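Enquirer: Before anything else, here's the structure in question.
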Amino acid sequence: MKLKTYILTRILLSIPMILIILTIVFFVLRVLPGNPVLAMLGPKAPPEIIHAMEHQMGLDKPIIVQYFIYLSHIAVGNFGTSTYTSLPVLQELVQKFPATFELTFYSMIIAVSIGIFFGSYAAYNFGKPADILARVYSIFVYSFPVFWFGIMLQLIFGVWLHWLPVSGRSSPFMIPNHIYTGIYSIDALLNGQFDIFVDAVRHLILPSVTLGVVISSIFVRMVRSNVLLALSSQYVIAARARGESERKILFKHALKNAMPPILTIMGLQFALLLAGAILTETTFSWPGIGNYLITRISYRDFPAIQGAIVFFAFFVAFISILVDIINAWIDPRIRY
Amino acid sequence: MDTNIEIKNLSIEYRMRNGTVHAVRDADFSVDKKETLSIVGESGCGKSTTGHAILKLLPSNARATGSIIYNGKNILTMSNNEIRQIRGKHISIVFQDPMTSLDPIMRVKDHFFELIKAHDSKVNEQEMIEIASCALEASGVSAKRLNNYPFEFSGGMRQRVMIALAIALQPSVIVADEPTTSLDVVVQEQIMEVLKNLKRTKDMSIILITHDLGIVAEVADKVAVMYAGEIVEYADIYNLYKNPLHPYTQLLLKSVPNIKIGDMELHNIPGSLPDLKNIPQGCRFRDRCPMVKDICKKETPPIIDKDGRKVRCWLYG
Ligand SMILES: Nc1ncnc2c1ncn2[C@@H]1O[C@H](COP(=O)(O)OP(=O)(O)O)[C@@H](O)[C@H]1O
Ligand code: SF4
Ligand SMILES: [Mg+2]
Chain A
2 MKLKTYILTR ILLSIPMILI ILTIVFFVLR VLPGNPVLAM LGPKAPPEII
52 HAMEHQMGLD KPIIVQYFIY LSHIAVGNFG TSTYTSLPVL QELVQKFPAT
102 FELTFYSMII AVSIGIFFGS YAAYNFGKPA DILARVYSIF VYSFPVFWFG
152 IMLQLIFGVW LHWLPVSGRS SPFMIPNHIY TGIYSIDALL NGQFDIFVDA
202 VRHLILPSVT LGVVISSIFV RMVRSNVLLA LSSQYVIAAR ARGESERKIL
252 FKHALKNAMP PILTIMGLQF ALLLAGAILT ETTFSWPGIG NYLITRISYR
302 DFPAIQGAIV FFAFFVAFIS ILVDIINAWI DPRIRY
Chain B
146 MDTNIEIKNL SIEYRMRNGT VHAVRDADFS VDKKETLSIV GESGCGKSTT
196 GHAILKLLPS NARATGSIIY NGKNILTMSN NEIRQIRGKH ISIVFQDPMT
246 SLDPIMRVKD HFFELIKAHD SKVNEQEMIE IASCALEASG VSAKRLNNYP
296 FEFSGGMRQR VMIALAIALQ PSVIVADEPT TSLDVVVQEQ IMEVLKNLKR
346 TKDMSIILIT HDLGIVAEVA DKVAVMYAGE IVEYADIYNL YKNPLHPYTQ
396 LLLKSVPNIK IGDMELHNIP GSLPDLKNIP QGCRFRDRCP MVKDICKKET
446 PPIIDKDGRK VRCWLYG
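Quick note, the sequences are listed as chains A and B, same order.
If you're matching positions, the first sequence starts at 2 in the working numbering and goes up one per residue.
If you're matching positions, the second sequence starts at 146 in the working numbering and goes up one per residue.
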């Protein structure tokens, strides 16, 4: 099978998965306590107004009909209208997404770099102090609650040292002139506005270090154990027996073979990363989808809640497709 | 004849948390140019340990003493860089399990490229493909398969690829550690044909490790019989089969009427290999030896020279 065929098959195969996710989100939100109409109109609203509202929102139809309407709407990109702002939910999500993407992207870079370098260094020095340090690090950091770690960093680097801002993604009026991607650090560079780039990065440091470091604990452990496994395999001894240097053995054979399982687990952990992103966004008042979700939960804005969750679910599904494609590209046994 | 590689007083132990495994003790043997030496012995007697030591491939918990002299230098005391230059180019090895010896995500040709580049960074791709094709064809694999991945090969074909890799740079010594053990019988025969062919056509010494007496009879010039980490008998093939000196060798040859299929285990003799963590005093074979004497229980037999042959047994001392 060619890589292209594999990619196509993989995307088709993810349709049932996405359907299942959509179904679960729909029914879970329906059984949760809280009535959106009451939340909108207040508990003292007269019954006829409530009924009129329910009729307008389609809530008086049988649940199965509502379900299919919901599916058909999502299929055409209609995520409904926020009951809080009366804006289309999709529009709000698209507007919030770049902030979340920027945060998760930088966190991921931090987590992956720490994970790969520390993890493979530890595996290479199995049983030596570097390895023990890596093991202690991952157990220790794994136990950090995201918000606690975030607050600690805010205290140290923001409140005491005054080095870095502790909330938001930009200082007042420090927004790129032209928004191309919505990712401030990139847009600022595209505009050639270096002061704004520096401001965006300064705002990014604490939240992405918080999330990145917490997630890195899992990565360090995962990379370490997978590289260890690869290093003990017969093909590594065989490569050594051909005169290959230890450094090349580590990168060309061990790390490369360890990558597919590492990426697979990273893909699975991505949902965890997004959960961490929600906590980080709240801790740092980061104006992304996580913050949006938390705010709208308190307003019982059901279309917005549903939209944000579906959006996250699509994001996770997309990452898992991406991981499988990269794996197929690395490992020929997968694509054949 | 010129000696190619000489092993003297080689002892190897593995340090474990619960004790030390004395895997090889005081091994002495040498291989001449173009000669095939067979190391035979039942499973766990230290054959692979000896073979891996020749390329300094032992795991980090192993301690080797004695010397392995190649080109006037002791391999055991070489730096990582020195031994790296010898591996694959001057001494190469074929492992027991071909299924796991090739990197699953690398094409066959990249294994060759890696080998060639590790020893000469200036070779261009065309030359590398030529070297690889030659080696593959000599091992019975079509050069068309250079672009294939290991999983596209059967076990026997993979072992041929491993042999091709081992001979590609025309090394002077090749260690073959039970190269046919994990293959089925028909394929075993084919791989042995490849090895016999190499022995005829290439100018190299082969150290063939096996527990199959049939294979020994087919290809070996000299034989070192190992028991529980010691070489108990060392002789040329003709004398060994005609007149085995050590009681272990004698029992083996007697208990295996058809040496074509014989493996090295003494099923009909009570007792088993001593625990290599806790070796009793005296001869390591004494619990199973029909000729055991008093001294065998008290003192370890020395290596005794008898008519130009070597045997480790009190019967001759
Ligand atoms: N890496 C290792 N660590 C500890 N003990 C080992 C290791 N490799 C082999 N041994 C032990 O050393 C002895 C000899 O093993 P080996 O050389 O593999 O024997 P053979 O190849 O003849 O079957 C066995 O008792 C085995 O359990
Ligand atoms: S030394 Fe003694 S016990 Fe050992 S093989 Fe010889 S006769 Fe048997
Ligand atoms: Mg072995």
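Backbone N, C-alpha and C fix where the C-beta goes; we use that ideal spot for every residue, glycine too.
Model, not experiment: these values are computed from the prediction.
Return helix, strand or coil for residue 180 of chain B, following the three-state DSSP convention.
Expert: Coil, per DSSP.
Enquirer: Under a CB-based cut-off of 8 Å, is residue 270 of chain B close to chain A?
Expert: So, not an interface residue.
Enquirer: Between B:248, B:331, B:339, which has its C-alpha nearest residue 259 of chain A's C-alpha?
Expert: Closest by alpha carbon: B:248.
Enquirer: Does any CB atom of chain A fall closer than 8 Å to the CB of residue 250 of chain B?
Expert: Chain A contact via Cβ: present.
Enquirer: Rounded to the nearest angstrom, what separates residue 123 of chain A and residue 250 of chain A at their Cα positions?
Expert: Residue 123 of chain A and residue 250 of chain A: Cα-Cα distance of roughly 15 Å.
Enquirer: Could you please go through the chain and list the residues whose beta-carbon is closer than 5 Å to any non-hydrogen atom of ligand 1?
Expert: Ordered along the chain, the selected set is B:159, B:166, B:168, B:188, B:189, B:190, B:191, B:192, B:193, B:194, B:204, B:421.
Enquirer: How long is the line joining the alpha carbons of residue 353 of chain B and residue 198 of chain B, rounded to whole angstroms?
Expert: C-alpha separation (whole angstroms): 14 Å.
Enquirer: Leaving out five residues on either side along the sequence, give the residues of the same chain with a beta carbon under 8 Å from the beta carbon of residue 186 of chain B.
Expert: The answer, listed in chain order, is 192, 356, 370, 371, 372, 409.
Enquirer: Listed in chain order, which residues of the stretch 176–208 of chain B have Cβ atoms closer than 7 Å to some Cβ of chain A?
Expert: Result list: 200, 202.
Enquirer: How long is the line joining the alpha carbons of residue 305 of chain B and residue 447 of chain B, rounded to whole angstroms?
Expert: Computed Cα separation, rounded: 40 Å.
Enquirer: Are the C-beta atoms of residue 309 of chain B and some chain A residue less than 8 Å apart?
Expert: No - not a single Cβ of chain A is within 8 Å of the one on residue 309 of chain B.
Enquirer: Does the Cβ-Cβ distance between residue 83 of chain A and residue 305 of chain A come in under 8 Å?
Expert: The answer is yes: Cβ separation under 8 Å.
Enquirer: For the structure I just gave you, are there three or more beta carbon pairs, one from the stretch 205–214 of chain B and one from the stretch 239–258 of chain B, closer than 8 Å?
Expert: Too few Cβ pairs lie closer than 8 Å, so no.
Enquirer: Just by C-beta distance, which residues in the stretch 238–259 of chain A are closer than 9 Å to chain B?
Expert: The residues in question are 238, 239, 240, 241, 242, 243, 244, 245, 246, 247, 249, 253, 254, 257, 258.
Enquirer: Give me the subset of the stretch 228–242 of chain B whose CB atoms are less than 8 Å from a CB atom of chain A, sorted by chain position.
Expert: Residues 229, 230, 231, 232, 233, 234, 237, 238, 240, 242.
Enquirer: Can you tell me whether residue 53 of chain A is buried or exposed? The criterion is at least 16 other CB atoms within 10 Å of its CB, across all chains shown.
Expert: Exposed: under 16 other Cβ atoms inside 10 Å.
Enquirer: Going by DSSP, what residue range makes up the alpha helix (DSSP H) through residue 267 of chain A?
Expert: Unbroken alpha helix (DSSP H) run through residue 267 of chain A: 257–284.
Enquirer: Is the beta carbon of residue 419 of chain B within less than 7 Å of some heavy atom of ligand 2?
Expert: No, Cβ of residue 419 of chain B sits at least 7 Å from all heavy atoms of ligand 2.
Enquirer: Does ligand 2 have even one heavy atom less than 7 Å from the beta-carbon of residue 428 of chain B?
Expert: Yes; taking the cut-off as 7 Å, the Cβ of residue 428 of chain B has a heavy atom of ligand 2 nearer than that.
Enquirer: Along the alpha helix (DSSP H) that carries residue 154 of chain A, what are the first and last residues, could you check?
Expert: Unbroken alpha helix (DSSP H) run through residue 154 of chain A: 147–154.
Enquirer: Count the other CB atoms within 10 Å of the CB of residue 200 of chain A; is the residue buried (16 or more) or exposed (fewer)?
Expert: Buried, by the Cβ-count rule.
Enquirer: What residue from A:243, A:100, A:165, A:252 has the CA that sits closest to residue 233 of chain B's CA?
Expert: When only C-alpha atoms are compared, the closest one is A:243.
Enquirer: Measuring CA to CA, which of B:445, B:452, B:341 is closest to residue 324 of chain B?
Expert: Looking at the Cα atoms, B:341 is the closest of the given residues.
Enquirer: Who are the neighbours of residue 121 of chain A on chain B, taking C-beta pairs under 8 Å?
Expert: Going along chain B, no residue has its Cβ under 8 Å from residue 121 of chain A, so there is no contact; the nearest lies around 17 Å.
Enquirer: Pair every Cβ in the stretch 90–102 of chain A with every Cβ in the stretch 283–290 of chain A, then say whether three or more of these pairs are closer than 8 Å.
Expert: In short, these stretches touch, since the Cβ pair count reaches three.
Enquirer: On the CB-based measure, 16 or more other CB atoms within 10 Å of its CB, does residue 161 of chain B come out buried or exposed?
Expert: That one is exposed.
Enquirer: From the DSSP secondary-structure annotation, give me the bridge partner or partners of residue 236 of chain B.
Expert: DSSP output for residue 236 of chain B lists B:232, B:318 as bridge partner(s).
Enquirer: If you compare alpha carbons, which of A:181, A:210, A:205 is closest to residue 153 of chain A?
Expert: Per the Cα distances, A:210.
Enquirer: Using a threshold of 7 Å, is the CB atom of residue 370 of chain B nearer than that to any non-hydrogen atom of ligand 2?
Expert: Result no, Cβ not under 7 Å from ligand 2.
Enquirer: Residue 165 of chain B and residue 422 of chain B: beta carbons closer than 8 Å?
Expert: Result yes, Cβ atoms of residue 165 of chain B and residue 422 of chain B sit closer than 8 Å.
Enquirer: Which residue marks the beginning of the beta strand (DSSP E) containing residue 494 of chain B, and which one marks its end?
Expert: Outside the shown range of chain B (146 to 462) lies residue 494 of chain B, about which nothing can therefore be said.
Enquirer: Cutting at 8 Å between CB atoms, please list the residues of its own chain near residue 245 of chain B, excluding the five before and the five after it.
Expert: Within the same chain, residue 245 of chain B has no close Cβ partners at all.
Enquirer: Compare the Cα-Cα distances from residue 102 of chain A to each of A:134, A:130, A:313 and report the closest residue.
Expert: The residue with the shortest Cα to Cα distance from residue 102 of chain A is A:313.
Enquirer: According to the Cβ coordinates, are residue 457 of chain B and residue 376 of chain B closer than 8 Å?
Expert: Yes, the Cβ-Cβ distance between residue 457 of chain B and residue 376 of chain B is below 8 Å.
Enquirer: Going by DSSP, name the residue or residues bridged to residue 219 of chain B.
Expert: Note: residue 219 of chain B sits in a beta bridge opposite B:214.
Enquirer: For residue 201 of chain B, count neighbouring C-beta atoms within 10 Å of its own C-beta (all shown protein chains included) and say buried if the count is 16 or more, exposed if not.
Expert: By the neighbour-count rule (16 or more Cβ atoms within 10 Å), residue 201 of chain B is buried.
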